[in-house]
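The sequence shown begins at 65 in this note's numbering and counts up by one.
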Amino acid sequence: MTYAEFQGQTSFARPELLAFAHGRLIEDPPAGFGSRLPLPPLLMVDRIIDIRRDGARGRVVAERDVHRDDWFFQCHFLGDPVQPGCLGVDGVWQLIGFFCAWRGGLGVGRALGCGEIAFDGQIRPNDRTVRYEIDIRRCATFPDAGATLAIGDRLLRGVGQRSGRAARVSGSEGYR
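Written as structure tokens, this is what we have:
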């Protein structure tokens, strides 16, 4: 797809996210565009259901399918498998970085921090889907620095239950 098509698209399927991770989704990226998602098994997103911008704000809704044989269930914990909470937070950073790139950020994305985290539940092998709901509270581009910064709050859900939340999660594009 072209860069203009990428920026105009409001949902992305797994094959598109994998192409983005490999750097092959956009056929005419602007100079300096280097954003990528991680490859499996660290890619924590299977589809972006909705990505939108509203001025300096935005929203990302995405999902990941849970599989009984996911690598982390084999070791975290033996006899009591649960998805590590840090992988859910990493999924949020992945999506915030993708949002920055989709919004026009150049360079490569980096996670910058997280203000607070609370885990209210667990993602278990019997769950079917993890749902990310991220409200982008602020997204700004700094042309002189060649960077785009986004700050958002997120809610992570597993099969109809709240599993975690994080406030003031930030990521950026533009680092080399």
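Where is the CB? At the ideal position from N, CA and C, for every residue including glycine.
Within the same chain, show all residues whose beta-carbon is closer than 6 Å to that of V124, passing over the 5 residues directly before and after it, in chain order.
Locating residue 124 in the sequence shown gives position 60, counting from the first residue. Closer than 6 Å at Cβ, skipping near neighbours: I115, L159, F163 and I198.
So does the region 128 to 136 actually touch the region 185 to 196, counting three or more Cβ pairs closer than 8 Å?
yes
In chain order, what residues of the same chain lie with their CB nearer than 6 Å to the CB of R132, ignoring the 5 residues before and after it?
Here residue 132 refers to the residue found at position 68 when the sequence shown is read from its first residue. P189.
To the nearest angstrom, report how far apart T66 and G143 are at their CA atoms.
One-based indexing of the sequence shown puts residue 66 at position 2. One-based indexing of the sequence shown puts residue 143 at position 79. Cα to Cα, T66 sits roughly 47 Å from G143.
When V146, T205, G171 and G216 are compared against G177, the one with the closest alpha-carbon
The sequence position of residue 177 within the sequence shown is 113, counting from 1. Selected option, being the one with the closest Cα: G216.
Please tell me whether G179 and S99 are closer than 7 Å, where the distance is taken between their beta carbons.
As a first step, residue 179 must be located in the sequence shown, where it is residue number 115. As a first step, residue 99 must be located in the sequence shown, where it is residue number 35. No, they are not a contact pair.
Proximity below 7 Å, CB of R202 to CB of A77
Along the sequence shown, read from residue 1 onward, the residue named residue 202 stands at position 138. Along the sequence shown, read from residue 1 onward, the residue named residue 77 stands at position 13. Not closer than 7 Å, so no.
Confirm, please, whether the CB-CB distance from V109 to G155 is below 7 Å.
By one-based count along the sequence shown, residue 155 stands at place 91. By one-based count along the sequence shown, residue 109 stands at place 45. Their beta carbons are under 7 Å apart, which means G155 touches V109 by this criterion.
Helix, strand or coil for G161 per DSSP?
What you label residue 161 is simply residue 97 of the sequence shown in a count that begins at 1. Three-state DSSP puts G161 in a helix.
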